[in-house]
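**Q** Below is a structure I'd like to ask you about.
Numbering (my numbering), first residue to last: 1152 to 1563.
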């Protein structure tokens, strides 16, 4: 076994059983191709490297052989490699061109196949195989009218793109994690295609004075992971949270207080299919927050008043919205945890409630006590060992939800 195969699937199984043909062209960003290939392999993919002659002047083929554990295709031979991998009966599931130069993407748009990569692309498009292009070039080249037209032409052909990062006068290759995420989306289940998922995450804060706040220790990781999982499955995802993360493919709305989060959610929920309320929203706000910084040389008593519950308002405004809620408790028995989760389900008409005892693990910490984390769906419960499995299972259930399909039918 080639050593590269030993890392297959060590991070996740999101691309397990998939064969990705990685086309590398003559951009300086070709030096990132080793990292990209390894990242795909760590998620279970088999990666077949294809390089143009120009790419071999930047990155030696041996480097890609090392990264993928597969022989590198640099020229088309009697083995008709382009057909073997990207033909109608080819074993490839996706052609990923990363990096893609202006020269390469323009040739693909025009059906010119005079390099190994463009020949693979022509074959893939003619066979109905998905093609994902990741441009990398100088910004002036990217803005050339012919290149702009060719990108649009490729989009019309059904080619997927990961947009470059514009800085220092260059259209730089997208972050590796963003490319991998887009691969996961293209090759995903598509069970949430056309669905709008609204997610809340993180901890809101309430102002004491212009400097001090009352908040909690929720990190927001759960909301982000749920958003990413929904995106992988084809959904259009909006997350309302308190710290911008610049998450690829996800629309972010920034808020601070519970009131701001409530307003944002009510505005967005009108067009949503599902609301996942994963945020740790403040239950109390300061009655009469100070307009100026409070002096620290004397004792101060704060009066807190309860805040209206977000889910109360959402259920009134959107009676048919599918809602999934999260319930955090401390130091309760497993049975009591289930009882309180079911109470929340009944009170707010939730499709599911995820209850977590954070008393021993600690909210906001990298690891909680997983044995106490429960998923409640309809009227049954299942202990979930990890956050990632919980998130994947939860979003997967949404994709097969009869209620979601029924809502889709009523919109027609």
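Ideal placement from N, C-alpha and C gives every residue a C-beta, glycine not left out.
Any idea if residue 1317 is buried or exposed, counting beta-carbon neighbours within 10 angstroms, 16 or more meaning buried?
**A** exposed
**Q** Would you report the Cα separation of residue 1310 and residue 1359, rounded to the nearest angstrom?
**A** 51 Å
**Q** Would you kindly check if the distance between the Cβ of residue 1197 and the Cβ of residue 1162 is under 9 Å?
**A** no
**Q** Is the distance from the Cβ of residue 1237 to the Cβ of residue 1274 below 9 Å?
**A** yes
**Q** What separation, rounded to the nearest whole angstrom, lies between the Cα atoms of residue 1171 and residue 1247?
**A** Their backbone Cα atoms lie some 7 Å apart in a straight line.
**Q** Ordered along the chain, which non-local residues of its own chain (more than five positions away) have a Cβ less than 8 Å from that of residue 1491?
**A** 1478, 1480, 1483 and 1506
**Q** If you compare alpha carbons, which of 1179, 1334 and 1269 is closest to residue 1288?
**A** 1179
**Q** Does the count of Cβ pairs from the region 1347-1363 and the region 1410-1418 closer than 8 Å reach three?
**A** yes
**Q** Could you spell out the range, first to last residue, of the beta strand (DSSP E) harbouring residue 1294?
**A** Taken as a continuous stretch (DSSP letters only), residue 1294 belongs to no beta strand (DSSP E), as it is neither H nor E.
**Q** Do residue 1223 and residue 1233 count as a contact pair if the criterion is CB distance below 9 Å?
**A** no
**Q** By a C-beta neighbour count over all protein chains shown, 10 Å radius and 16 as the cutoff for buried, is residue 1159 buried or exposed?
**A** buried
**Q** For the putative contact between residue 1332 and residue 1280, defined by C-beta atoms under 8 Å, what is the C-beta separation to the nearest angstrom?
**A** Not confirmed; about 20 Å, so no contact.
**Q** Name the two residues that bound the continuous alpha helix (DSSP H) containing residue 1494.
**A** 1485-1499
**Q** In whole angstroms, what separates the C-alpha of residue 1375 from that of residue 1389?
**A** Approximately 10 Å between the Cα atoms of the pair.
**Q** How do the region 1324-1338 and the region 1381-1400 stand: do at least 3 beta-carbon pairs fall below 8 Å, yes or no?
**A** yes
**Q** Which stretch, first to last residue, makes up the beta strand (DSSP E) that contains residue 1167?
**A** The continuous stretches of beta strand (DSSP E) do not include residue 1167, and DSSP gives it neither H nor E.
**Q** Report the residue from 1192, 1504, 1473 and 1364 whose alpha carbon sits nearest the alpha carbon of residue 1156.
**A** 1192
**Q** On the DSSP bridge assignment, give the partners of residue 1480 in chain order.
**A** 1508
**Q** Excluding the 5 residues flanking residue 1302 on each side, which residues of the same chain have their C-beta closer than 6 Å to its C-beta?
**A** none
**Q** When we look at the beta-carbon of residue 1315 and count the other beta-carbons within 10 Å, is it buried (16 or more) or exposed?
**A** buried
**Q** Evaluate residue 1324 with the Cβ neighbour count: other Cβ atoms within 10 Å of its Cβ, from every protein chain shown; 16 or more gives buried, anything less gives exposed.
**A** buried
**Q** I'd like to know whether the C-beta atoms of residue 1549 and residue 1425 end up nearer to each other than 9 Å.
**A** yes
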